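Heads up, the thing below is written out as structure tokens.
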Amino acid sequence: VILTGTSFFEGFLLQARDAANQGSVTTVGTFTLTNRNKAQLLTCNKHQDSAVSHTSNARQTEVCVIWNAPADAPKQFTSDGCGQSKSCLLDPPGCDPKEDPHCFFLSMTPEGPDKTSVIFELSGPAEGYIAFALSWDTWMGNDDVYMCVKDGDRVSVSAAFVSGRTHPEDQSQFGLSSVLWRLADGAIQCRFSRPVKLVNQEAARYDLDQDYFLFLTNGHAQYGKVWKHSHQPLISTHNKRITGPPEVLRGSRGPIIMKMHGALMLLAWMLTGSVGTVIASFYKPDWPNQTLLGQKVWFQVHRGLMVLTVTLTIVAFCLPFFYRKGWSKVQYTHCKYIVLHCSCIYINISNLFVSLSRRYIFNWAHWGIGSVTEIMAVAAMFLGIRQSSLPLPQPWATHVLIGYVTWLASFRIEGAAMYLCVTLTVVCLTNSNGVS
């Protein structure tokens, strides 16, 4: 421990106290001196070497001493024993909260031979709060929640109930005992014990001898109030009996079906759709004397790629509805863009049936609606890669998409300029031949 000041100081008193009980005068730990000429040890409340003070009125700018933690101090959380003496949920798999402050860690250890209570340990990045929930299914709502919330230099540990996608309700410390917490090295950690069955138990508090899916999440907090988590919660892949045999649980933040939705949309509009548009825009003069199934090569390639794009888009569009089992009550801007996007595709397909006598109408409508569709596809991709159900690395995912759009736009501009130059050259040569 180093005390420093911008100006000289003469006297000082140094003690370590419990931050969770600021009204207490009980000291914590002991001190060891590094320079006996500048400081001395004191005995406070019959606790030897529990304080440090000055030895004279000599002016000083720095004092350095060693603080010794008490023998009963909470030890750092560790993944040692996971699957052997306790059940653990880790993200990323195999991480250790003792070594990595960004390790999301939840452990459950039944106490006593009769397993009448369970010790929970929770650790994660100290952004604001970290919490876990016991749920009957993999959907948020009707969950028994336990939170460690950072409030300044302190942490409040409490239980609550979440009835839906709302803020926690009925927040209290009822049933929690042996509560300990720690803020250090960029991590927030808390430990508490809870009986398997609570006396006068409310319906919102679940027994621990049942099977539950485990949710693990974190987010920001302000003045002890939690905000909505910015990332999809880590959800265990299967339900777990809290008092059951020790095991290492696995979880996922991104449902497979939503990852498939994102992959198909990106494949459709970053590959097949873009290539199909480029073929139609700049490759019409190529293969002038060759046909494919009775049509020009460029047209067949363009049509095939665009049909594939439409197919991929329709399949990808349906997947979130299968995941949510209907239309989500929370409407996201990304979803609205997708609906408009698919509407434009439908209109564009309808234009294919315009008669040849109105071909110019089809040409302009096809170009206009196609351009709007592509612009909305880009907007939907930018919104989609930030969805909490797709845990893509940010800001790198956004930077990659910006680079792709910039490259595609520059390629289009360059191609249009070359096409214009070729057209003007042909016109000039034609005019010069006519004059001669």
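Numbering (UniProt numbering), first residue to last: 1 to 436. Backbone N, C-alpha and C fix where the C-beta goes; we use that ideal spot for every residue, glycine too. These numbers were taken from a predicted model, which means no experiment stands behind them.
6 Å CB neighbourhood of residue i in its chain, flanking five on each side removed
i	result
C44	T27, S50, A51
L3	V63
G273	T309
W269	A377
L106	L89, L122, F132, L216
A280	H302
Q189	F77, S123, R182
P125	H102
A416	none
I347	With a pLDDT of only 46 at I347, under 50, the local geometry of the prediction cannot be trusted, and no value is derived from it.
D209	V196, T243
L198	G175, R205
Spatially closest choice to residue i from the options, by CA coordinates
i	options	result
R194	V426, I119, V400, F411	I119
D170	R154, P288, L42, Y146	Y146
M265	T291, F382, S177	F382
N37	T30, D18, Q60	Q60
V25	R17, T32, F31	R17
V162	W396, N142, I361	N142
D80	D96, S7, G152, A397	D96
D185	P93, W396, D100	D100
P246	V427, L408, E111	E111
D91	T291, T6, S236	S236
Cβ-based neighbour list, residue i, same chain, cut-off 7 Å, excluding 5 preceding and 5 following
i	result
Y323	P255, I257, M258
L13	A51, S53
N239	D211, Y212, F213
S355	Only weak support exists for where S355 lies, its pLDDT of 48 falling under 50; the coordinates are left without a value.
P70	V28, G29
T83	Thr is not the amino acid found at residue 83; the sequence shown has Gly there. Here the set comprises P246, E247, V248.
L41	F31, L33, D49, V52
L392	I385
Whole-angstrom C-beta distance between residue j and residue i, which should lie under 8 Å
i	j	result
M108	I242	6 Å
D234	F104	This sequence places Leu at residue 234; Asp is not what is there. Correct: roughly 6 Å between the Cβ atoms.
K98	F77	7 Å
S87	L249	7 Å
C390	G262	The question names Cys, but residue 390 is Leu in the sequence shown. Right, the Cβ-Cβ distance comes to about 5 Å (below 8 Å), so this counts as a contact.
L214	F192	L214 to F192, Cβ: 16 Å. No contact.
I66	F31	7 Å
V307	G224	Going by Cβ atoms, the distance from V307 to G224 rounds to 56 Å, so no, they are not a contact pair.
H220	G128	4 Å
A159	F174	7 Å
R253	H229	The pair is not a contact, with the Cβ atoms about 11 Å apart (cut-off 8 Å).
Cβ shell of residue i (< 8 Å), same chain only, five flanking positions each side left out
i	result
F353	Bear in mind that a pLDDT of 49 at F353, under 50, signals an unreliable position, so the number given afterwards is only what the model happens to contain. There are no such residues.
Y404	M270
Y337	Interpretation of Y337 is limited by its pLDDT of 49, a score under 50 that renders its predicted location unreliable; no figure is taken from the coordinates.
G294	none
D137	F213
N351	Low confidence applies here, because N351 scores a pLDDT of 47, under 50, leaving its location unreliable; read the following figure in that light. Answer for N351: F362, A365, H366, I369, listed in chain order.
W298	I279, A280, Y283, K284, D286, W287
N68	G29, T30, F31, T32
Would you check if there are 3 or more beta carbon pairs closer than 8 Å linking the stretch 164-178 to the stretch 196-213? yes
I'd like the ranges of any beta strand (DSSP E) spanning at least 3 consecutive residues and lying wholly in the stretch 150-181. 154-162, 169-172
List in chain order: all unbroken beta strand (DSSP E) runs of 3+ residues lying wholly within the UniProt domain "Reelin" (1-121). Qualifying beta strand (DSSP E) stretches, in chain order: 2-9, 13-15, 30-33, 39-44, 47-54, 60-68, 87-91, 104-111.
Suppose only complete runs of 4+ residues qualify. What are the alpha helix (DSSP H) ranges in the stretch 199-268, listed by chain order? Listed in chain order, the alpha helix (DSSP H) elements of length 4 or more contained wholly in the stretch 199-268 are 256-267.
Which runs of the beta strand (DSSP E) spanning at least 3 residues fall entirely within the stretch 268-314, listed in chain order? none
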